[in-house]
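Student:
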Amino acid sequence: MKNKVICIIDDDPIYQLLINKIIAMSETEYDVVSFKNGKEALDSFKADLEKNKKMPEIILLDIEMPIMDGWDFMTQIEKSLSGKTDQTAIYIVSSSIAYEDKEKAKTFPEIMGYFSKPIDSSKILEITKHVTKGE
Amino acid sequence: MKLFFFITFMNPYILLTRSNNSMSFKKTWTKFSKWFLTRPNTTGALASLLLLILLSVVIGLRYRVIKENQQHEMSNIINVVHQNIQQVLKNSYTATLTLAMTINDKGIPENFDIIAPQLVNSNASIDAVQLVPGGIIKYVYPLNGNESAINYDILNTPSVQKEARKSIKTKLIYFAGPLKLKQGGIGVVGRLPVFKNNKFWGFSAVIIKLETLFKLSGIESINNSKYYFQFSKVNPDTHKEEFYLPEKEDFSKKYYQTITIPDGDWKLYLIAREKNGILHQVTTSTILGLLLALMSGLWVASIMKKPAKLQLQIYEQAKKILYNEAEFKTIFEQAPVGIARVDAQNGNFITVNDEYCRILGYTESELIQMNFQSLTHPDDVEDDIANMDLLKKGVINEFDKEKRYIHKSGRTVWVNLIVSKLWKKNETPTNNIAIIEDITEKKRAEEELKQSFEIVSEQNKRLLNFSYIVSHNLRSHTSNIETISSFLETAETKDERDEMIGLLKKVSASLNETMSNLNEVVSIRTNINLTIERLNLHEYIEKAKTVLTEQIAKKKATIYNEVDPTIEVKYNTAYLESILLNFISNAVRYSHPDRKPEIFISYDSDSKTMKIKDNGIGIDMAKNGDKLFGMYKTFNNNPDSKGIGLFITKSQVEAMGGKIETESELNKGTTFTIYFK
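Each protein sequence line maps, in turn, to chains W and H. Numbering-wise, the first sequence is residues 1 to 135 according to full-length UniProt numbering. Numbering-wise, the second sequence is residues 1 to 677 according to full-length UniProt numbering.
(1) With the cut-off set at 8 Å, would you say residue 560 of chain H and residue 608 of chain H are in Cβ contact?
(2) Step through the CB atoms of chain H and report whether any lies within less than 8 Å of the CB of residue 12 of chain W.
(3) Please look up how many angstroms separate the CB atoms of residue 429 of chain H and residue 301 of chain H, rounded, as I've assumed it's under 8 Å.
(4) Any C-beta of chain W within less than 9 Å: which residues of the segment 474-487 of chain H qualify?
(5) Given a limit of 7 Å on CB to CB distance, which residues of the segment 501-519 of chain H reach chain W?
(6) Apart from the five residues just before and just after residue 663 of chain H, which ones in its own chain have a Cβ nearer than 6 Å to its Cβ?
(7) For chain W, is any of its Cβ atoms less than 8 Å away from the one on residue 472 of chain H?
(8) Between residue 485 of chain H and residue 111 of chain W, what straight-line distance do the alpha-carbon atoms span, to the nearest angstrom?
(9) Consult DSSP for residue 440 of chain H and reduce its assignment to one of helix, strand or coil.
(10) State yes or no: is the beta carbon of residue 468 of chain H nearer than 8 Å to at least one beta carbon in chain W?
(11) Using CA coordinates, which residue listed in H/457, H/461, H/510 is at the minimum distance from residue 480 of chain H?
(12) Taking the DSSP output, what are the residues bridged to residue 113 of chain W?
(13) Pairing CB atoms from the segment 216-231 of chain H with CB atoms from the segment 157-170 of chain H, are three or more of them under 8 Å?
(14) Looking at the unbroken beta strand (DSSP E) that takes in residue 201 of chain H, where does it start and where does it end?
(15) Counting only beta-carbon atoms, is residue 667 of chain H nearer than 8 Å to chain W?
(16) Within this structure, are the beta carbons of residue 117 of chain W and residue 476 of chain H separated by less than 8 Å?
(17) Here's a check: name, in chain order, each residue in its chain whose Cβ is nearer than 6 Å to the Cβ of residue 93 of chain W, leaving out the five neighbours to either side.
(18) Can you list the residues of chain H that residue 18 of chain W reaches, using a CB-CB cut of under 8 Å?
(19) Does any residue of chain H bring its CB to less than 8 Å from the CB of residue 117 of chain W?
(20) Mapping DSSP to helix, strand and coil, what is residue 431 of chain H?
(21) Indicate the three-state DSSP secondary structure (helix, strand or coil) for residue 636 of chain H in the structure shown.
(22) Using DSSP's beta-bridge definition, name the partner residues of residue 669 of chain H.
(23) When the Cα atoms are used, what is the spatial distance from residue 648 of chain H to residue 374 of chain H?
(24) Taking 8 Å as the threshold (beta carbon to beta carbon), is residue 27 of chain W in contact with chain H?
(25) For residue 74 of chain W, I'd like the list of residues in its chain whose CB is within less than 8 Å of its CB, leaving aside the five on either flank, ordered along the chain.
(26) So, at 7 Å on beta carbons, what are the nonlocal neighbours of residue 101 of chain W in its own chain, with the 5 sequence-adjacent residues on each side left out?
(27) Would you mind sorting residue 299 of chain H into buried or exposed? The rule is 16 or more other CB atoms within 10 Å of its CB.
(28) Enumerated in chain order, which unbroken segments of the beta strand (DSSP E) with a length of 3 residues or greater are wholly contained in the segment 225-255 of chain H?
(29) Taking C-beta pairs closer than 8 Å, name the residues in chain H that residue 9 of chain W reaches, listed in chain order.
(30) Please report whether the beta-carbon of residue 97 of chain W lies at a distance below 8 Å from any beta-carbon of chain A.
(31) State yes or no: is the C-beta of residue 251 of chain H within less than 8 Å of the C-beta of residue 230 of chain H?
(32) The beta strand (DSSP E) with residue 147 of chain H in it runs from where to where?
(33) Which same chain residues end up closer than 6 Å to residue 166 of chain H when comparing Cβ atoms and leaving out the 5 residues on each side of it in sequence?
(34) Based on Cα-Cα distance, which residue from H/456, H/504, H/453, H/489 lies nearest to residue 478 of chain H?
(35) If we ignore side chains and look at the alpha-carbon of each, how far apart do residue 34 of chain W and residue 673 of chain H end up?
(36) Mind listing the chain H neighbours of residue 120 of chain W? Cutoff is C-beta to C-beta under 8 Å, in chain order.
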């Protein structure tokens, strides 16, 4: 069991399946955890923190999701998990190529970058390398 | 707006021109004085002439006075001389009579030698006395120097006999001559015929030397600078008038007075020395008068030149003002904006132009009986009065606003109003000038524009939303396809490849679903010619309930159809079905887990609205209100929600010209209000 975690928050099951495959193929030291929307992820993080489990190192966040979308998730992170995401690098991975979304992403200091789908293993490696270097 | 324009046309000049009878006199007088005031030269000449006439009368009068004075003076002088001469003649007569008394009955003079000297010595006028018995000079005193006269036969001497005989005939004393005396010199001889026993005896005579006569008459003592005397007698032989004083030249052209002395048939003349003496006296006055008249004429002309110039300017200005007034009146009457003069105190109309009448639909005579308050839309009156008050207090000089009037026909007229005061600071408020421009059409167009702008921007927003959704939804599929295809390329085993193809089929299916949803949305947007029918709302709700029976039963929901069974709405059948299904299924689906779902559907005929009220989980309107009708923007913690339903519903309602309003409280319920057009 690798101890580093990459967390995928996306409502598209096909994407979930594919990204898992890509990460597996990339032969990184990360385990993958998936959530269908922001609310599920947030609830899980809160539960983990109560059990003194650490936050995932990387989060790949979709924007358009039912129940709690990416932006709502970010707002909740800032609100209820403030200061607990220092070791977590959050990236937006969305099918949106809208300028407005890219600009909105910059308003959250926790967001490290923005990627438009599709995402491949080279991009995953870029992210993991960058995160490792940052440590 | 050029307000001054309209201020000037009300200048007081107009009021002055409205004349009555007393004014017409004034007008004539003004015309009359204008004639003179504008012609200084003519007026000067006339003044000169007038003065000249006046002076001529005065001089004429003076001339007459002088002439009368002269005549009076002359007649005095001549009378004095006449009296003196008469005196001399009377003395002579007395002397001859005295002498005649000396003749006794026998015809012999007695005491001649005593009496004659007495007579001569006591009478200065008598130079000598004679007694001439039978016409022959016999006795003379003084004899000395008169000797040659002795024995001179008078009655037989042709040169003197005529006159001698005349006195015998008349039996009165007669003075002959002046004639050359026998004893030398010129004199007159007064002969008194003496009759004894009715028989001519002879003459008693006196001799008066002419120079003595003249001396005693006082002729020589008068001031001869102005007048002179002449003394004449018609020669009995030649019948020619002979003159005996110097300056014998013809004086018939001169002014003279004359007296006839019958005792000697003499004529005494007093002659004015200068022919035009009196005229000369008035000449100076005449010349002075002429000069005076001329100068006063020039003076009048010169002092009148300046006023005349000013007067001309005044008339020029007046003409200009009249012209301007006419011009302004035309502007006022034909202005394309409504102009009115309004009483600042009570808001009564004083003057209004045609356009003002046209905008409000009243005639001029109707309007001037009204005030602006009664014509103003009730909602605008208060603000108008407040502004008028500020104007009256001098806080503001003018104001402009958009306001509403009520047209005579009752419809509302929008105008752009500008009000300015027509009095100066510190003056009593008099009138305001109000200018209105009909902006009803503009206002309507503006409203339409605003509405269409709202529609366009709403449509634009929807279009943006739509394109965003389209791109997002399509891209999520294409990105998956892209990833899968790259996996297919690199797949090494058949299992791997089969797995990817399986995924591809799934993507294909969801892409298809997305496409059909989008197609449905697009078809609403492009569907312009919808069939509209009268539909019974109650029945359609019941129909929807039937369609959703299973779902309702599963949730144990109750649906209260409170719509009056008679209510009919004009709607497209498919849309009404779709809308009802969507809202009801939505309400059932998002029911609260703690309670049984209850849904109330009602209709309000007045506002043409349908309300669908549930007791479900509710929506956080502050957070998700804007996403409510977004496509694929689902917000409920419910795995069934796809979000497309409400988006399509909203599009359908809007396609029918209505709208949807949402009221909701989290955990309590939601009420959707659908507006029918």
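Beta carbons are placed, not taken as given, at the ideal position from N, Cα and C, and that holds for glycine.
Tutor: This is what the structure holds:
(1) Not closer than 8 Å, so no.
(2) yes
(3) With 8 Å as the limit, residue 429 of chain H and residue 301 of chain H do not qualify as a contact, their Cβ atoms being about 50 Å apart.
(4) 474, 475, 476, 477, 478, 479, 480, 481, 482, 483, 484, 486, 487
(5) Cβ contacts with chain W: 503, 506, 507.
(6) Cβ neighbours of residue 663 of chain H beyond the five flanking positions: 671.
(7) yes
(8) 30 Å
(9) helix
(10) Closer than 8 Å to some Cβ of chain W, the Cβ of residue 468 of chain H qualifies, so yes.
(11) H/510
(12) W/91
(13) no
(14) Per DSSP, residue 201 of chain H belongs to the beta strand (DSSP E) from 199-209.
(15) The Cβ of residue 667 of chain H sits no closer than 8 Å to any Cβ of chain W.
(16) Yes; because the gap between Cβ atoms is below 8 Å, this pair is in contact.
(17) Excluding positions up to five away in sequence, the list reads 60, 115, 119.
(18) 480, 483, 484, 487, 503
(19) yes
(20) strand
(21) Unreliable positioning characterises residue 636 of chain H in this predicted model, as indicated by a pLDDT of 39, which lies under 50. A coordinate reading is not provided.
(22) H/665
(23) 52 Å
(24) no
(25) 61, 90, 108, 110, 111
(26) 63, 94
(27) Label assigned to residue 299 of chain H: exposed.
(28) Those beta strand (DSSP E) runs which fall completely within the segment 225-255 of chain H and span 3+ residues are 227-234, 241-243.
(29) Under the 8 Å cutoff, chain H gives no residues; its nearest Cβ is about 14 Å from residue 9 of chain W.
(30) No chain A is present in this structure, whose protein chains are W and H.
(31) yes
(32) Counting along the chain, residue 147 of chain H falls outside any beta strand (DSSP E), and DSSP gives it neither H nor E.
(33) 174
(34) H/504
(35) 40 Å
(36) Taking the beta carbon of residue 120 of chain W as reference, the chain H residues within 8 Å of it are 483, 486, listed in sequence order.
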